[in-house]
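Asks: This is the structure I have questions about; it appears just below.
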Amino acid sequence: MAKNRYYEALKCVDSLNNAGVKISDLLFYAGKASEGVLRYKDAYRYYKQWLLADTTNREARIAIARVLALAGKTVDAVGAYEKLAGEDSLDFAINYQLARLYQQTGKTLKAVPVYLRLAGADTTNATLLKRLGDCYVEIGLSTGAARSYCDAFWLDPADGGTAVKAINVMLADQNMFTDFVDYALDMVDTALVYSPHLNTVKQTRGVLEYVAKRFGKCEKTFDELIVGGDSVRFNYKYLGLARYQQKHFKEALLPLALADSLFRDKQGNRTDMEVAMRYGESLAKSGEPRKALQVFLEIEDQLQPDPQFLSQLAVMCGMACGYSMQQSGAVDYYWKAYKLDPKNKQAISNFVNWKYDVLVDKEKRSKASEKEIRVALFAQILFLQNVKDFAPARGNTMHSVSREILKQELDELFFSDDKHLTVMDPDGKTYVYSADDIRELINR
Numbered sequence: 096m097a098k099n100r101y102y103e104a105l106k107c108v109d110s111l112n113n114a115g116v117k118i119s120d121l122l123f124y125a126g127k128a129s130e131g132v133l134r135y136k137d138a139y140r141y142y143k144q145w146l147l148a149d150t151t152n153r154e155a156r157i158a159i160a161r162v163l164a165l166a167g168k169t170v171d172a173v174g175a176y177e178k179l180a181g182e183d184s185l186d187f188a189i190n191y192q193l194a195r196l197y198q199q200t201g202k203t204l205k206a207v208p209v210y211l212r213l214a215g216a217d218t219t220n221a222t223l224l225k226r227l228g229d230c231y232v233e234i235g236l237s238t239g240a241a242r243s244y245c246d247a248f249w250l251d252p253a254d255g256g257t258a259v260k261a262i263n264v265m266l267a268d269q270n271m272f273t274d275f276v277d278y279a280l281d282m283v284d285t286a287l288v289y290s291p292h293l294n295t296v297k298q299t300r301g302v303l304e305y306v307a308k309r310f311g312k313c314e315k316t317f318d319e320l321i322v323g324g325d326s327v328r329f330n331y332k333y334l335g336l337a338r339y340q341q342k343h344f345k346e347a348l349l350p351l352a353l354a355d356s357l358f359r360d361k362q363g364n365r366t367d368m369e370v371a372m373r374y375g376e377s378l379a380k381s382g383e384p385r386k387a388l389q390v391f392l393e394i395e396d397q398l399q400p401d402p403q404f405l406s407q408l409a410v411m412c413g414m415a416c417g418y419s420m421q422q423s424g425a426v427d428y429y430w431k432a433y434k435l436d437p438k439n440k441q442a443i444s445n446f447v448n449w450k451y452d453v454l455v456d457k458e459k460r461s462k463a464s465e466k467e468i469r470v471a472l473f474a475q476i477l478f479l480q481n482v483k484d485f486a487p488a489r490g491n492t493m494h495s496v497s498r499e500i501l502k503q504e505l506d507e508l509f510f511s512d513d514k515h516l517t518v519m520d521p522d523g524k525t526y527v528y529s530a531d532d533i534r535e536l537i538n539r
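When we follow the working numbering, the leftmost residue of the sequence shown carries the number 96, and every step to the right adds one.
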């Protein structure tokens, strides 16, 4: 039946029905024609009558199951396909449709064994392997998903989309997939042989280059995509990040600014914090600390409930203040970062970096208040307590400076016949350490 002759067929069927002609095959053609013009309710009625004429007619039952699915009657369609599949577990079309319906109705766990059974009977069927990969993604089995997608791709390397799916699974779980980059790049190179103009594959190559820290190649990949007219936010993001990682901060500003403006929700809130943070850092390191601070404060307003992220953000604000020589502002932000997340080693390290010169410069110390000196000493103790020294043999580390400062304080205690050192945090809380406590900390 020609596709453009469905309405003619329906008119013919109607005229024969009106003439009282009762032929079983007529019901089949009526159902087929109704299905062809998307009249699924009519098609179901004709196929049902066709089945009543011969209840053993499997083709009629298959047709009924099909139009139930097309009409969106998925529960009824699943029931019909389950009965058909129960009669022949290797009928490819029936079982495949059943598995697809399981997926559509949220019964992915039921779909997996059906696909596995079919794939066992047809081991070179790339479509089945792709469907299996989709199922594994839905139920969170990343290893099964990656294996299925990879197998499907090597069976059909012209399908670059499957390569992208496989690599995205591996990128999303890099703790599970170690040393996967070279294998994934081989997939990408193969896919580009068959689909040289497929930008999603090129984007995937760029991301892999970024993960492998081949930032120059990553920059080239995304720059070529943008020059070629693919000006999507994803491309601007990775172009900017690649330049940032190469410390080309001024060159990173434009793509990061564009990406930051495009990664927004309907309310204007940022949706990609990595882009926003790197944009702010690039501003600070390009001589625009005030703009950087504004970006960081906007991010802070948006992310109030996340103390760990806010701690990282406070460090960035402190750095921005430092670039504009606002020492007190920098110290306040580093202290804030520590309070938000006491495990933030960078906050502690940056804090002590701003708090040691008052102790080693005699002129500055003579002009400093007692509180300033006590806060500076607190910073040295906090640093040695929380940040591990990875190069104890070197004599020019911050750890060696802090140890030397505290040794001098011990000498002062000895000559003043005092056995305790009192220090103060920036909030004004005092802490008292014995000489033995300080000595133990120095020798740790």
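Where a beta carbon is used, it is the ideal one built from N, C-alpha and C, also for glycine.
1) Which one of E393, A415, L204, N220 has the shortest CA to CA distance from R385?
2) Can V426 and W449 be called in contact, C-beta distance under 8 Å?
3) Is the separation between the beta-carbon of K143 and that of I157 shorter than 8 Å?
4) To the nearest angstrom, how far is the alpha carbon of K431 from that of A409?
5) Can you tell me whether Y278 is buried or exposed? The criterion is at least 16 other CB atoms within 10 Å of its CB, across all chains shown.
6) Tell me, please, whether the CB atom of A371 is closer than 8 Å to any CB atom in chain D?
7) Excluding the five sequence neighbours on either side, which residues of its own chain have a C-beta within less than 7 Å of the C-beta of D325, listed in chain order?
8) Suppose you measure from the CA of V455 to the CA of I500; what does that come to, to the nearest Å?
9) Three or more C-beta pairs under 8 Å: does that hold for the segment 263 to 272 against the segment 281 to 291?
10) What's the call for F329, buried or exposed, on a 16-neighbour Cβ count within 10 Å?
11) What residue range does the beta strand (DSSP E) around Y528 cover?
12) Identify, in the order they occur along the chain, each residue of the same chain with its Cβ nearer than 8 Å to the Cβ of P437, setting aside the five sequence neighbours on each side.
13) Going by DSSP, what residue range makes up the beta strand (DSSP E) through H515?
14) Using the three-state DSSP reduction, which class does R359 fall into: helix, strand or coil?
15) Return the residue from the list I476, R359, G363, L336 that minimises the CA-CA distance to P350.
16) Tell me whether R309 sits in a helix, a strand or coil according to DSSP, three-state version.
17) Work out the CA separation of A379 and I443 for me, nearest whole Å.
18) Whose C-beta lies closer than 8 Å to the C-beta of Y433 among residues of the same chain, with five residues either side of it excluded?
19) Would you decide whether S271 is buried or exposed? Buried here means 16 or more other CB atoms lie within 10 Å of its CB.
20) To which residues does DSSP link G365 through a beta bridge?
21) What does the alpha-carbon distance come out to for the pair L185 and G228?
22) Where does the unbroken alpha helix (DSSP H) through Q269 begin, and where does it stop?
Replies: On the basis of the data shown:
1) A415
2) yes
3) no
4) 7 Å
5) exposed
6) Among the chains of the structure shown, chain D does not appear; only one protein chain is present.
7) N294
8) 7 Å
9) no
10) buried
11) 525 to 529
12) N481
13) 515 to 519
14) strand
15) L336
16) coil
17) 20 Å
18) S406, N439, A442, I443, F446, L477
19) Note on identity: in this sequence residue 271 is Met, with Ser being the wrong assignment. The residue in question, M271, is exposed, as its Cβ has fewer than 16 Cβ neighbours within 10 Å.
20) Checking the sequence, you will find Arg at residue 365 rather than Gly. Beta-bridge pairing links R365 to R359.
21) 20 Å
22) Note, Q269: premise wrong, no alpha helix (DSSP H); not H, not E.
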